[in-house]
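S.K.:
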Amino acid sequence: MKLFGHDASKKLTLHEVRRQIYPSDRHNIVKKAFEEALITGTYKFEARLVKPDNSIVRISTMGKVFYDNKGAPSKIIGTLRDITQEEEYRHILEKSERRLRKFILNAPVSIGILNGPDYIVEIINESALKLMGKAKEQMLNKPVLETMTELDTAQAKLLLDGVYYSGKSFSASEFPVKLNRHGTLEKVYVNFEYDPLVNNEGKVYGIMVVGNDVTEQVVARKKIEQSEARFKLLADSMPQFVWTSDNQGNINYFNKAVYDYSGLSEEKIDEGGWIDIIHPADMEENILKWRNAIEKGKDFIFEHRFRRYDGVYRWQLSRAIPLRDEQGKIQFWIGTSTDIQEIKEQEQQKDYFISMASHELKTPITSIKGYVQILQSMYENSEDAVLIKSLGRIHVQIEKLTTLIGDLLDVSKIRNGSLTFHKQTFDINNLIREEIEELEIIHPNHKISFKNDAIIPVFGDRERIRQVLINLISNAIKYSPIHGNILMKSKVEKQTVLVSVKDEGIGIDKNYQGKIFERFYRVEGKSEKTFPGFGIGLFIASEIIKRHEGNIGVQSKPGKGSRFYFSLPLLPGNK
Ligand code: ADP
Numbered sequence: 003m004k005l006f007g008h009d010a011s012k013k014l015t016l017h018e019v020r021r022q023i024y025p026s027d028r029h030n031i032v033k034k035a036f037e038e039a040l041i042t043g044t045y046k047f048e049a050r051l052v053k054p055d056n057s058i059v060r061i062s063t064m065g066k067v068f069y070d071n072k073g074a075p076s077k078i079i080g081t082l083r084d085i086t087q088e089e090e091y092r093h094i095l096e097k098s099e100r101r102l103r104k105f106i107l108n109a110p111v112s113i114g115i116l117n118g119p120d121y122i123v124e125i126i127n128e129s130a131l132k133l134m135g136k137a138k139e140q141m142l143n144k145p146v147l148e149t150m151t152e153l154d155t156a157q158a159k160l161l162l163d164g165v166y167y168s169g170k171s172f173s174a175s176e177f178p179v180k181l182n183r184h185g186t187l188e189k190v191y192v193n194f195e196y197d198p199l200v201n202n203e204g205k206v207y208g209i210m211v212v213g214n215d216v217t218e219q220v221v222a223r224k225k226i227e228q229s230e231a232r233f234k235l236l237a238d239s240m241p242q243f244v245w246t247s248d249n250q251g252n253i254n255y256f257n258k259a260v261y262d263y264s265g266l267s268e269e270k271i272d273e274g275g276w277i278d279i280i281h282p283a284d285m286e287e288n289i290l291k292w293r294n295a296i297e298k299g300k301d302f303i304f305e306h307r308f309r310r311y312d313g314v315y316r317w318q319l320s321r322a323i324p325l326r327d328e329q330g331k332i333q334f335w336i337g338t339s340t341d342i343q344e345i346k347e348q349e350q351q352k353d354y355f356i357s358m359a360s361h362e363l364k365t366p367i368t369s370i371k372g373y374v375q376i377l378q379s380m381y382e383n384s385e386d387a388v389l390i391k392s393l394g395r396i397h398v399q400i401e402k403l404t405t406l407i408g409d410l411l412d413v414s415k416i417r418n419g420s421l422t423f424h425k426q427t428f429d430i431n432n433l434i435r436e437e438i439e440e441l442e443i444i445h446p447n448h449k450i451s452f453k454n455d456a457i458i459p460v461f462g463d464r465e466r467i468r469q470v471l472i473n474l475i476s477n478a479i480k481y482s483p484i485h486g487n488i489l490m491k492s493k494v495e496k497q498t499v500l501v502s503v504k505d506e507g508i509g510i511d512k513n514y515q516g517k518i519f520e521r522f523y524r525v526e527g528k529s530e531k532t533f534p535g536f537g538i539g540l541f542i543a544s545e546i547i548k549r550h551e552g553n554i555g556v557q558s559k560p561g562k563g564s565r566f567y568f569s570l571p572l573l574p575g576n577k
């Protein structure tokens with residue numbers, strides 16, 4: 003009676019019982035079940051029951067019809083159960099099962115549920131079908147090994163059986179399989195896991211297969227591995243040293259040539275031992291230049307000596323460039339070092355030859371010059387115009403030769419570090435004026451104007467600074483064959499004196515502007531070739547200015563003209 007919400011003592015009639023059944027169930031279920039019971043002899047239904055407090059429970063009944071001796075139904079004896087809770091559990095279970103199914107079907111990884119020892123495909127999701135290139139009808143409710151014939155089925159059966167009969171999971175990474183997805187066999191790589199499905203009694207009844215297609219990643223990785231192997235092969239077969247460093251300048255790779263040359267073990271070199279093979283005399287500048295390159299992100303270029311396995315040092319030219327990502331951030335540096343020992347030796351021989359030749363030439367030229375001067379003063383008043391003109395020509399040519407030999411001697415002195423300076427205080431404007439006057443006489447077609455601040459005293463070697471001025475002005479004249487206007491300026495700027503020489507000549511391409519201050523460098527253009535010269539004037543000028551702690555540079559546009567400038571520190575106290 004409790005089930006109906008009454009006292010245990012209360013007796014209910016069939017009518018009363020019926021009245022408590024939920025109205026629609028009373029009509030649709032109970033009434034029908036009763037009519038059926040009269041025919042079959044079994045009374046059975048599930049319906050909702052309304053308790054006196056209006057709460058609803060679900061009941062299940064199971065009864066048997068008894069008949070009187072005339073064969074007419076007389077009573078029904080049966081059981082009545084409250085199955086509300088059971089129903090709820092069943093609903094929850096169904097719901098969670100539905101949710102699990104939904105999850106499996108929509109999962110981004112491939113999932114299949116295989117049932118029984120024949121591995122019948124019970125559930126298979128879209129992602130799995132896509133991975134295997136099959137339609138649902140081809141696989142569902144069929145033994146998986148019969149549908150996936152392109153697989154190595156013997157191997158697959160072995161793996162599945164292993165899990166099914168041991169009850170232990172099995173997983174594999176980047177497992178290569180051949181699949182027929184687009185009419186031909188193709189190799190794909192999958193990560194997969196087989197998990198046994200166990201029933202209430204602990205018995206395996208199926209396998210859940212979870213798979214993930216990792217072909218793209220594997221192929222990409224293999225490509226990188228291949229290209230790294232190729233790079234290593236290439237780098238190791240090069241006679242040059244090849245090395246890389248991180249963006250902080252820590253060297254993290256050397257090719258085989260470095261180990262072969264130094265005779266040091268990979269371990270020793272990698273641990274920083276490579277620093278030891280740099281010549282002690284080149285070390286400080288080397289470190290400074292490298293740090294500077296890393297800080298500024300600018301190409302590294304340096305000549306230094308490396309110790310060979312036998313203790314002999316050989317000259318190397320090292321270069322390194324930064325490699326950047328799309329945002330311009332430096333990823334790493336790649337560097338090479340090339341043996342330039344022979345070039346260096348040839349250079350030394352050349353230097354030696356220049357030095358010897360210019361010394362040997364100096365004495366006879368000086369004496370020729372002396373004789374010419376004697377002849378010129380002897381025939382000063384001569385009527386012989388040809389003689390006077392010839393002597394004048396010889397004098398000019400001898401002057402040119404003297405300057406050239408002087409320049410060559412200076413180059414030798416710069417190379418062996420014996421260029422000396424006799425510094426004194428002098429007014430630079432005065433010096434500039436002197437030089438303009440002198441050069442305007444020799445080059446009457448060029449007009450040199452001069453804009454200047456008041457007296458600017460500098461401390462330096464007057465004759466050497468004159469040499470710089472002569473070189474810059476002569477170049478301005480030489481490389482301005484059409485427009486003869488040259489503008490010179492001197493001014494005090496930021497504790498230095500800045501002197502500039504501006505011409506309207508042929509100009510210099512940006513690519514060459516840094517190089518023209520190098521020894522023997524001449525711009526190799528069509529128009530440049532027509533001008534005589536050796537490419538040493540600017541080299542000497544730049545050495546002189548550097549030795550005065552000044553700067554020298556150029557701004558130029560081809561076809562428009564150039565502006566050469568140099569700065570010298572002001573005399574202390576004249577700022
Ligand atoms: P050079 O004897 O060849 O003039 P320099 O060392 O004085 O040697 O100059 C080096 C190179 O720089 C020259 O060959 C020339 O190509 C270029 N150059 C120098 N000055 C000028 C200038 N004022 N205008 C154009 N080019 C110049």
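Per the working numbering, the sequence shown starts with residue 3, numbered consecutively.
For every residue, glycine included, the Cβ atom is placed at its ideal position computed from N, Cα and C.
Using the three-state DSSP reduction, which class does Ile106 fall into: helix, strand or coil?
M.R.: Walking along the sequence shown from the start, residue 106 turns up at place 104. In the structure shown, Ile106 sits in a helix (DSSP, three-state: H, G or I).
S.K.: Quick check on His361: buried or exposed, where buried means 16 or more other Cβ atoms within 10 Å of its Cβ?
M.R.: Position 359 of the sequence shown, counting from 1, holds the residue named residue 361. By the neighbour-count rule (16 or more Cβ atoms within 10 Å), His361 is not buried but exposed.
S.K.: Since Leu5 contacts Ile61 with CB under 8 Å, what's their CB separation in whole angstroms?
M.R.: Position 3 of the sequence shown, counted from the start, is the residue given in the question as residue 5. Position 59 of the sequence shown, counted from the start, is the residue given in the question as residue 61. So it is a contact: roughly 7 Å between Cβ atoms.
S.K.: Of the choices Ala387, Ile396, Ser357 and Met358, whose alpha-carbon is the least far from that of Gln375?
M.R.: Looking up residue 375 in the sequence shown gives position 373. When each option's Cα is compared against that of Gln375, the closest is Ile396.
S.K.: Report yes if the CB atom of Phe172 is closer than 9 Å to the CB atom of Tyr196, and no otherwise.
M.R.: For the purposes of this step, residue 172 is taken as residue 170 along the sequence shown, with counting starting at 1. For the purposes of this step, residue 196 is taken as residue 194 along the sequence shown, with counting starting at 1. Contact flag set, yes.
S.K.: Distance, Cα to Cα, Gly552 vs Arg521?
M.R.: Residue 552 sits at position 550 when you count from the first residue of the sequence shown. Residue 521 sits at position 519 when you count from the first residue of the sequence shown. Each residue's alpha carbon lies about 19 Å from the other.
S.K.: Could you check where the beta strand (DSSP E) with Glu305 kicks off and where it finishes?
M.R.: Taking the first residue of the sequence shown as position 1, residue 305 is located at position 303. Its beta strand (DSSP E) spans residues Phe302 to Arg309.
S.K.: Would you list the residues sitting across from Arg316 in a DSSP beta bridge?
M.R.: Here residue 316 is taken as the residue at index 314 of the sequence shown, counted from 1. Note: Arg316 sits in a beta bridge opposite Phe308.
S.K.: Mind checking which residues open and close the beta strand (DSSP E) that includes Tyr354?
M.R.: Looking up residue 354 in the sequence shown gives position 352. Careful: Tyr354 lies outside any beta strand (DSSP E), inside the alpha helix (DSSP H) at Gln343 to Met380.
S.K.: Quick one: grab the DSSP three-state call for Pro25.
M.R.: Along the sequence shown, read from residue 1 onward, the residue named residue 25 stands at position 23. Residue state, collapsed to three classes: helix.
S.K.: Let's see if you can read the secondary structure: which residues bound the beta strand (DSSP E) around Thr246?
M.R.: To locate residue 246, count along the sequence shown from 1; it is residue 244. Here the beta strand (DSSP E) through Thr246 covers Phe243 to Asp248.
S.K.: Terminal residues of the continuous alpha helix (DSSP H) containing Pro231?
M.R.: The count along the sequence shown starts at 1 and reaches residue 231 at position 229. The displayed chain sequence assigns Ala, not Pro, to residue 231. First-last of the alpha helix (DSSP H) with Ala231: Thr217 to Asp238.
S.K.: Assuming contact is defined by CB atoms lying nearer than 9 Å, are Lys425 and Gly462 in contact in what I supplied?
M.R.: Within the sequence shown, the letter at position 423 stands for residue 425. Within the sequence shown, the letter at position 460 stands for residue 462. Closer than 9 Å, so yes.
S.K.: Please classify Ala137 as buried or exposed, where buried requires at least 16 other C-beta atoms within 10 Å of its C-beta.
M.R.: The residue given as residue 137 occupies position 135 in the sequence shown. Its Cβ having fewer than 16 others within 10 Å, Ala137 is exposed.
S.K.: Have a look at Glu152, Arg83 and Val67 and flag the residue whose alpha-carbon is nearest the alpha-carbon of Val59.
M.R.: Along the sequence shown, read from residue 1 onward, the residue named residue 59 stands at position 57. The shortest Cα separation from Val59 among Glu152, Arg83 and Val67 belongs to Arg83.
S.K.: The alpha helix (DSSP H) spanning Ser502 covers which residue range?
M.R.: Position 500 of the sequence shown, counting from 1, holds the residue named residue 502. Ser502 -> not in any alpha helix (DSSP H); beta strand (DSSP E) instead, spanning Thr498 to Lys504.
S.K.: Can you give me the C-alpha to C-alpha distance between Gly575 and Thr498, rounded to a whole angstrom?
M.R.: Stepping through the sequence shown from its first residue, residue 575 is reached at position 573. Stepping through the sequence shown from its first residue, residue 498 is reached at position 496. Reliability of the predicted coordinates at Gly575 is poor, the pLDDT of 45 falling under 50, and no value is obtained from them.
S.K.: Can you tell me which of the three DSSP states Ser564 falls into?
M.R.: The residue given as residue 564 occupies position 562 in the sequence shown. Here Ser564 sits in strand by DSSP.
S.K.: Which term fits Leu572, buried or exposed, when burial requires 16 or more other beta carbons within 10 angstroms of its beta carbon?
M.R.: Within the sequence shown, residue 572 is the residue found at index 570, counting from 1. Leu572 comes out buried.
S.K.: In or out: Phe318 buried (at least 16 other Cβ within 10 Å) or exposed?
M.R.: To locate residue 318, count along the sequence shown from 1; it is residue 316. Strictly speaking, residue 318 in this sequence is Gln, with Phe absent from that position. Gln318 should be labelled buried.
S.K.: Over the uninterrupted alpha helix (DSSP H) stretch that includes Gln177, give me the two end residues.
M.R.: On the sequence shown, position 175 is the one that residue 177 refers to. The sequence given here places Phe at residue 177; Gln does not occur at that position. Per DSSP, Phe177 belongs to no alpha helix (DSSP H); it is in the beta strand (DSSP E), Phe172 to Asn182.
S.K.: How do the segment 496-513 and the segment 463-482 stand: do at least 3 beta-carbon pairs fall below 8 Å, yes or no?
M.R.: yes
S.K.: Using CA atoms only, rank isn't needed, just tell me which of Ser229, Val221, Pro534 and Asp163 is closest to Tyr191.
M.R.: Residue numbering aside, residue 191 sits at position 189 when the sequence shown is read from its first letter. When each option's Cα is compared against that of Tyr191, the closest is Val221.
S.K.: Please report how far the alpha carbon of Asn108 lies from the alpha carbon of Leu199, in whole angstroms.
M.R.: One-based indexing of the sequence shown puts residue 108 at position 106. One-based indexing of the sequence shown puts residue 199 at position 197. Going by the C-alpha atoms only, they are around 20 Å apart.
S.K.: On the criterion of 16 or more Cβ atoms from any shown chain inside 10 Å, does Leu16 qualify as buried, or is it exposed?
M.R.: Along the sequence shown, one-based indexing puts residue 16 at 14. Its Cβ having fewer than 16 others within 10 Å, Leu16 is exposed.
S.K.: Is there at least one non-hydrogen atom of the ligand ADP closer than 8 Å to the beta-carbon of Arg466?
M.R.: As a working mapping, residue 466 is identified with position 464 in the sequence shown. Checking every heavy atom of the ligand ADP against the Cβ of Arg466, none is found closer than 8 Å.
S.K.: Return the CA-CA distance between Ser492 and Asp429, expressed in angstroms with no decimal places.
M.R.: Working through the sequence shown from its first residue, we reach residue 492 at position 490. Working through the sequence shown from its first residue, we reach residue 429 at position 427. Cα to Cα, Ser492 sits roughly 11 Å from Asp429.
S.K.: Tell me which residues share the same chain as Asp301 and place their Cβ nearer than 6 Å to its Cβ, disregarding the 5 neighbours each side in the sequence.
M.R.: The sequence position of residue 301 within the sequence shown is 299, counting from 1. Correct list, in chain order: Ile323.
S.K.: May I ask you to check if the CB of Arg321 is nearer than 8 Å to at least one heavy atom of the ligand ADP?
M.R.: The residue you call residue 321 lines up with position 319 of the sequence shown. For Arg321, the shortest C-beta to heavy atom distance toward the ligand ADP is 8 Å or greater.
S.K.: Rounded to whole angstroms, what's the CA-CA distance from Lys577 to Asn294? Just pull it up for me.
M.R.: Numbered from 1 along the sequence shown, position 575 holds the residue referred to as residue 577. Numbered from 1 along the sequence shown, position 292 holds the residue referred to as residue 294. Legend: pLDDT at Lys577 = 42, less than 50; position of this residue unreliable, no value from coordinates given.
S.K.: Using the beta-carbon count (16 or more within 10 Å), is Ile510 buried or exposed?
M.R.: Counted from its first residue, the sequence shown places residue 510 at position 508. Ile510 is buried by the Cβ-count criterion.
S.K.: Between Ala231, Leu406 and Tyr514, which lies nearest to Asn473 when the distance is taken from Cα to Cα?
M.R.: If you number the sequence shown from 1, residue 473 lands on position 471. Measuring C-alpha to C-alpha distances from Asn473 to each of Ala231, Leu406 and Tyr514 identifies Leu406 as the nearest.
S.K.: Going by beta-carbon coordinates alone, are Leu162 and Val146 separated by less than 9 Å?
M.R.: Position 160 of the sequence shown, counted from the start, is the residue given in the question as residue 162. Position 144 of the sequence shown, counted from the start, is the residue given in the question as residue 146. Yes.
S.K.: Report yes if the CB atom of Val216 is closer than 9 Å to the CB atom of Asn193, and no otherwise.
M.R.: Here residue 216 is taken as the residue at index 214 of the sequence shown, counted from 1. Here residue 193 is taken as the residue at index 191 of the sequence shown, counted from 1. In this structure, Asn193 lies closer than 9 Å to Val216 by Cβ.
S.K.: Just verifying my parser: in three-state terms, what is the DSSP assignment at Met150?
M.R.: Locating residue 150 in the sequence shown gives position 148, counting from the first residue. Three-state DSSP puts Met150 in coil, outside helix and strand.
S.K.: Identify which residue in Ile542, Gly537 and Ala49 has its Cα closest to the Cα of Lys415.
M.R.: In the sequence shown, counting from the first residue as 1, residue 415 sits at position 413. Taking only the C-alpha atoms, the option nearest Lys415 is Ile542.
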